[in-house]
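Contents: one structure, followed by commentary.
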Amino acid sequence: MQVRPEQLADHLARGLRDVYMVHGDEPLRAQEAADAIRAAVRAGGAGERKVFVVSGAHF
9 MQVRPEQLAD HLARGLRDVY MVHGDEPLRA QEAADAIRAA VRAGGAGERK VFVVSGAHF
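Residues 9 to 67 in the working numbering are what the sequence shown spells out, letter by letter.
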């Protein structure tokens, strides 16, 4: 499911998904989206965070 930045707050208020992938051409908007997701997850009581970074063509 693709969620636009202006829709993210409403999406997070309706409940969280198991996995989120944040990407985009504007680094600030991507950072703001990631911050909003992390805040919603923390508010939901989660304390663990796993980050996976993929780089290169051979993943």
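Even glycine gets a Cβ: it sits at the ideal position worked out from N, Cα and C.
- A distance below 7 angstroms between beta-carbons, with the five flanking residues on each side excluded, links R46 to no residue of its chain.
- Exclusion of the five residues before and after V49 leaves L24 as the residues of its chain whose Cβ lies within less than 7 angstroms of its Cβ.
- For the 8 angstroms CB-CB criterion, A38 and A17 do not form a contact.
- Under the DSSP assignment, P13 falls outside any alpha helix (DSSP H); it carries neither an H nor an E label.
- Rounded to whole angstroms, G55 and A42 show a C-alpha spacing of 16 angstroms.
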